[in-house]
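These notes concern the structure reproduced below.
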Amino acid sequence: MIPMAIGTVSTVAGAAGRSAAADKAAAAQAEAQARQNQLILQRLAAEEKQQRDLLAKASATQRARMGALGMDGSGGSAEAILAGMSKETADGIAASGQAALLRLQPARAASGANLLDGAAAAKSGLSVFKSFYDAFG
2 MIPMAIGTVS TVAGAAGRSA AADKAAAAQA EAQARQNQLI LQRLAAEEKQ
52 QRDLLAKASA TQRARMGALG MDGSGGSAEA ILAGMSKETA DGIAASGQAA
102 LLRLQPARAA SGANLLDGAA AAKSGLSVFK SFYDAFG
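Okay, so the sequence shown: first residue is 2 according to this note's numbering, each after it adds one.
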């Protein structure tokens, strides 16, 4: 009877040890995923800032060229050119955001968020450039 009880206790203790090790491994994996997600988000933010800066410089250059040619810069072709530049940049940012969202998907799926929430956030880049263009237009 005693050997059987010892066997049962050691089995329960072994299972508890395995469970604790599995919990530690899961926590370490979740921490590594969180760090990876943070790096992805930092890269995305840096890339978005770089694209916005490039748009601002390209828009200023384009306005200067149009001014040198005697164009007003408001209305007609000038406005279409600047709007096209803004849209291309916003599309690039949205695509980058969607790609980042796909890389973050495993962590987001575990937290209950869905892809539609992230896609809406990625498309918010368009509104940023619309407001940028409206400020200069």
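A virtual CB, placed ideally from N, CA and C, is assigned to each residue, including glycine.
Test item: CB-CB of residue i and residue j under 7 Å
{"i": "leucine 45", "j": "alanine 101", "result": "yes"}
{"i": "asparagine 38", "j": "leucine 105", "result": "yes"}
Reference residue i; option with closest CA among the options
{"i": "alanine 59", "options": "Leu105, Asp73, Gly85, Gly77", "result": "Gly85"}
{"i": "methionine 67", "options": "Ala95, Glu80, Arg53", "result": "Glu80"}
{"i": "aspartate 54", "options": "Met72, Ala91, Ala26, Ala21", "result": "Ala91"}
{"i": "glutamate 48", "options": "Ser78, Gln63, Ile94", "result": "Ile94"}
{"i": "glutamate 89", "options": "Ala21, Gln52, Leu70", "result": "Gln52"}
{"i": "alanine 61", "options": "Leu42, Leu83, Gly77", "result": "Leu83"}
{"i": "leucine 56", "options": "Asp73, Arg64, Ser87", "result": "Ser87"}
Segments assigned beta strand (DSSP E), at least 3 residues, entirely inside the stretch 17-61: Note on the stretch 17-61: there is no whole beta strand (DSSP E) run with a minimum of 3 residues.
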